[in-house]
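>
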Amino acid sequence: MTSPTTVQNSQVQKKQRKYSPLKEFWKSFKKQKAALLASIFIGLLIVVAIIGPYIAPYDPFEPDYDALLEGPSASHLAGTDEYGRDIFSRLIVGAKISLMVSFSAVFLGLILGTILGLISGYFGGWIDKVIMRSCDVLFSFPDLLLAIAIVALLGPGINNVIIAVMIFSVPSFARLVRGATLNAKENVYVEAAQSMGASHVRVLWKHIFPETISELIIFVTMRIGTAILAASGLSFLGLGASPEMPEWGVMLSSGRDYLGTSSHVVIMPGIAIFLTVLAFNLIGDGLRDVLDPKIKNN
Amino acid sequence: MNYVKKLVFVILCTLLLAACAEKDNSNASNTGEKSTTESGKVSSKNELVIAVNENFISMDPHNTGDTNSGSVQETMLEGLLGFDADGQIIKVLAEDYSISDNALEYTFKLQEGVTFHDGEQFNAEAVKANIERIMNDESLRLYSRGFSLISNVEILGDYDIKVTLKEPYGPMITRFGVAKMISPKMIKENLKDIPKQPVGTGPYKFVEWVQGDHLSIEKFDGYWGGGDRVSKITYKPVPENGSRVAMLKAGDAQVIYPVPAQNIDELSNNKDVEVNKVPSTIAHYVSLNTYKKPLDDIKVRQAFNYAVDKEAYIKVVNSGLGLPLDSIIPSKTVYYKQQKMYEHNIEKAKALLAEAGYPNGFDIEIWGNTNSDTMKGMQFIQQQLGQIGVKVEIKSMEEGTLSDEIYGAQTPDDAKLQMWYVSWSAYASDITNATKPLFHSVSFPPNGANTAYYHNTEADQLMDEANSISDVDRQAELYEKLQEIVYQDTPWIFLGVDEVVYGVRSNVSGVLVNPTGGLDVKNAKVE
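In the order they appear, the protein sequences are chains A and B. Position one of the first sequence corresponds to residue 26 (this note's numbering), numbered consecutively onward. Position one of the second sequence corresponds to residue 949 (this note's numbering), numbered consecutively onward.
(1) Mind checking whether residue 300 of chain A and residue 291 of chain A have CB atoms under 8 Å apart?
(2) Taking Cβ-Cβ distances below 9 Å as the criterion, which residues of the segment 256–274 of chain A are in contact with chain B?
(3) Just checking: is the beta-carbon of residue 106 of chain A within a distance shorter than 8 Å of some beta-carbon in chain B?
(4) Relative to the C-alpha of residue 263 of chain A, which candidate in A:72, A:170, A:181 has its C-alpha closest?
(5) For the pair the segment 1361–1376 of chain B and the segment 1305–1324 of chain B, tell me if three or more CB-CB distances fall below 8 Å.
(6) Determine, for residue 83 of chain A, whether the minimum Cβ-Cβ distance to residues of chain B falls below 8 Å.
(7) Taking beta-carbon pairs under 9 Å, can you tell me which members of the segment 277–289 of chain A lie near chain B?
(8) At what residues does the beta strand (DSSP E) containing residue 1272 of chain B begin and finish?
(9) Tell me, please, which residues DSSP counts as bridged to residue 83 of chain A.
(10) Determine whether the beta carbon atoms of residue 1333 of chain B and residue 1392 of chain B lie at a separation below 8 Å.
(11) Please return the same chain residues whose Cβ sits closer than 6 Å to the Cβ of residue 1222 of chain B, not counting the five positions on each side in sequence.
(12) For chain A, check one thing: does any of its Cβ atoms lie closer than 8 Å to the Cβ of residue 1264 of chain B?
(13) Only counting the same chain, and skipping five residues up and downstream in sequence, which positions put a Cβ closer than 8 Å to that of residue 1049 of chain B?
(14) Quickly, what does DSSP pair residue 1042 of chain B with across the bridge? List them, please.
(15) Take residue 973 of chain B and list the residues in its own chain whose beta-carbon comes closer than 8 Å to its own, dropping the five residues that flank it on each side.
(16) Just mark residue 276 of chain A as buried or exposed, buried being the case when its beta carbon has 16 or more other beta carbons within 10 Å.
(17) Just mark residue 1230 of chain B as buried or exposed, buried being the case when its beta carbon has 16 or more other beta carbons within 10 Å.
(18) First and last residue of the alpha helix (DSSP H) that includes residue 240 of chain A?
(19) Along the alpha helix (DSSP H) that carries residue 1367 of chain B, what are the first and last residues, could you check?
(20) Rounded to the nearest angstrom, what separates residue 1182 of chain B and residue 1379 of chain B at their Cα positions?
(21) Would you verify that the beta carbon of residue 1216 of chain B is, or is not, closer than 8 Å to some beta carbon of chain A?
(22) DSSP has residue 1112 of chain B in a bridge; who is on the other side?
(23) Terminal residues of the continuous beta strand (DSSP E) containing residue 1172 of chain B?
(24) Closer than 7 Å by beta-carbon distance: list the chain B residues that pair up with residue 294 of chain A, in chain order.
(25) Going along the chain, which unbroken runs of the beta strand (DSSP E) with 3 or more residues stay wholly within the segment 106–194 of chain A?
(26) Rounding to the nearest angstrom, what Cα-Cα distance links residue 271 of chain A and residue 116 of chain A in this structure?
(27) For residue 979 of chain B, which of helix, strand or coil comes out of DSSP?
(28) What in chain A is Cβ-close to residue 1260 of chain B, meaning under 8 Å?
(29) Straight-line CA distance for residue 1026 of chain B to residue 1063 of chain B?
(30) With a cut-off of 8 Å, does the C-beta of residue 93 of chain A fall near any C-beta of chain B?
(31) Bridge partners for residue 995 of chain B per DSSP, in chain order?
(32) So is residue 269 of chain A buried or exposed if we call it buried at 16+ other beta carbons inside 10 Å?
(33) Comparing alpha-carbon positions, which option in B:1466, B:1471, B:1302, B:1474 lies nearest residue 1228 of chain B?
(34) Please identify, using Cβ separations under 9 Å, the residues of the segment 1311–1330 of chain B that lie next to chain A, in order along the chain.
(35) Tell me the residue span of the beta strand (DSSP E) that contains residue 1031 of chain B.
(36) In the DSSP assignment, the beta strand (DSSP E) including residue 1445 of chain B goes from what residue to what residue?
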């Protein structure tokens, strides 16, 4: 009588051993063709950003006054800009700046926002009120306007752009995490942990924070797209990277005088920004389809 | 899958749009050329339409700061003196004039038989009324500098008048060219209409001015100078570069000013159109703070001048429109003398820098406004100085902030400025304004624009002497010496002089642009 149950049990155990959240995730994510394509693109972009300086066909800073504003050709794949610099090389090297700025801004925002959100949702009361009302204040400004104001205060420069983009990301993260925390707090295992005398930090970190991860992942990918746009926008306005840097927004800005005559100077960095932001948004959408429990239930 | 479709759709749409844009462009230029020839035939010999880039601000000749308003006034109003195509002083309503040796008394003998458009006679009384208006009306001070220095206006006869100054003022002669004569009747009875419909003695008289749309003038039959000219001229402000070019191509305008740099090639290949370039008095330079390290060393400053390729500067930053600045003043300025230019020589520059004790270069800041041309210029300087190991950091500031930062410094010690990318323009006939505010030690900020904090006692003396005499030959001698000294001392990186570009239909002749950028169509003809 006992043997069949043991067999069943071991089968279940086998099945359970086979089950891995990552595999499960991969199985459903594979089906999101657009998101998959976008991930490959971003993956390549990250590789390019890392090895960029070694593979760029020209020095992105080296002017060539005999080859001003040349259109795309075999020797200059994306043409040359108003100083005769190779646009393709500048885009490659610029990928690093754009990704670096957006990643660091978003991750800094993520860390700060998550901490604030956890505290706010978990403790409630006046702390919650102070944090959430402060977020409301930040929310009441349009994103880019807030960033412009912050950079205007701190002075132009790429580091200040990171800070500005970070600051306008914080309230979104805080609100998201707070919502998830409020939900998770009601779970029985949280109550159990509390009644067993676990410290606040332990409860927050071990039991509540993991509940917010899936939503955070989706939000981070979406946010990176926004951050790239914002950073490029600030640079376009002359508030970000210094004018000689091959930052995409800067390239767009300095090329706009030639829109009518040598449009490739603007179109090339435009395409780079467009594709990158689109890719991050597609990945975000794909992740949401896979990870968001609400959508899964439907 | 849905996304892939959407993505493909978006990309296709973008490509399609881009393709359309290309096509549209070529269509536009084709039709443009067609209608040119058609309407070119139709256009009357007696009418001229001129499209300019900005709106007119005021028709009051004693209170005008913008070039376009000045250009229109030039057709209706005349001064005692005026300027020729090179910007040099000529006699207009003054038949003759003389300046006393101490440069204090200006005596004019006036043209006889000149009438204003309203029938008033032009005589010494009319001149006195005009000069006194400028002297006494405080609101005109901004644009009528110099007239505040007049101590006395004396009528010597019906057509003779003497003006006495409190102290010598070199640019005064230019001021007499700028200040145009308004009918004394208008000054007495109708002062408030001067900015709207001025009455002068010029070959054209005012017809109407519809704000933002057009300003028209017609031939004045009683003009004292006579001459055969077009009977009607209409000025149209067309700020959009593309529209202005299209108007010229289509024959809707016979003259456009200025021609956008990017359209020069295209228009030069059009046989119905002529494109003309004129050197201006707008000089571009980088002022180097000679008071502080490391630019206090003349070797460093000379190295900078050798490191910068002026030809490339004009090509890259000015779209090929311009000439190298080969003295401390533009070639159109009076008493200009060409200097031996600092040729582009990286090796020499590096050697000089090493001699000065900076074999590996140094870090330095360049300041400028946020204008896109300035940004381009500063980046160019950054690239050029980078070749000799000097690392330039670009700081572009909004104009007001920049001015506060520079002119806020009360003493040379306070100055934080190291290099400033900037330009300067003075009347071609006004060498005082082209030198004293820039190179004299009394002109250190905040008193003047000597932002290089350049101080050379000999140069100061030369300027002081030249400014206090009226002997033209001696002045020429002094200013030639000055140019030599200052150019050697290199308080600037000498860059280039702008060229201004205007376009006319090929059947139009007699259109000129003077070095300050004023359009002169008084003697234009249509064939």
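Cβ atoms here follow ideal geometry from the backbone N, Cα and C, with glycine treated the same way.
Answer, in terms of the structure:
(1) Result no, Cβ atoms of residue 300 of chain A and residue 291 of chain A do not sit closer than 8 Å.
(2) 263, 267, 268, 269
(3) no
(4) A:181
(5) yes
(6) no
(7) Residues of the segment 277–289 of chain A with a C-beta less than 9 Å from any C-beta of chain B: 278, 279, 281, 282, 283, 285, 286, 287, 288, listed in chain order.
(8) 1270–1272
(9) Answer is none; residue 83 of chain A lacks a bridge partner.
(10) no
(11) 1452, 1454
(12) yes
(13) If you ignore the 5 residues before and after residue 1049 of chain B, its C-beta comes within less than 8 Å of the C-beta of 1417, 1418, 1419, all in its own chain and listed in chain order.
(14) B:1058
(15) The predicted model places residue 973 of chain B with a pLDDT of 39, which falls under 50 and marks its position as unreliable, so this point remains unresolved.
(16) buried
(17) buried
(18) 234–261
(19) Not the alpha helix (DSSP H): residue 1367 of chain B falls in the beta strand (DSSP E), residues 1367–1373.
(20) Each residue's CA atom was taken as its position, placing residue 1182 of chain B and residue 1379 of chain B some 34 Å apart.
(21) no
(22) B:1053, B:1100
(23) First-last for residue 1172 of chain B: undefined, no H or E at that position.
(24) Neighbours of residue 294 of chain A on chain B: none; closest Cβ ~15 Å, over 7 Å.
(25) none
(26) 7 Å
(27) With a pLDDT of 37 at residue 979 of chain B, under the threshold of 50, the modelled position of that residue is not reliable, and no figure is offered here.
(28) Near residue 1260 of chain B (Cβ distances below 8 Å), the residues of chain A are 90.
(29) 12 Å
(30) yes
(31) B:1180
(32) buried
(33) B:1466
(34) Listed in sequence order: 1318, 1320, 1321, 1323, 1324, 1326, 1327, 1328, 1330.
(35) 1029–1031
(36) 1440–1453
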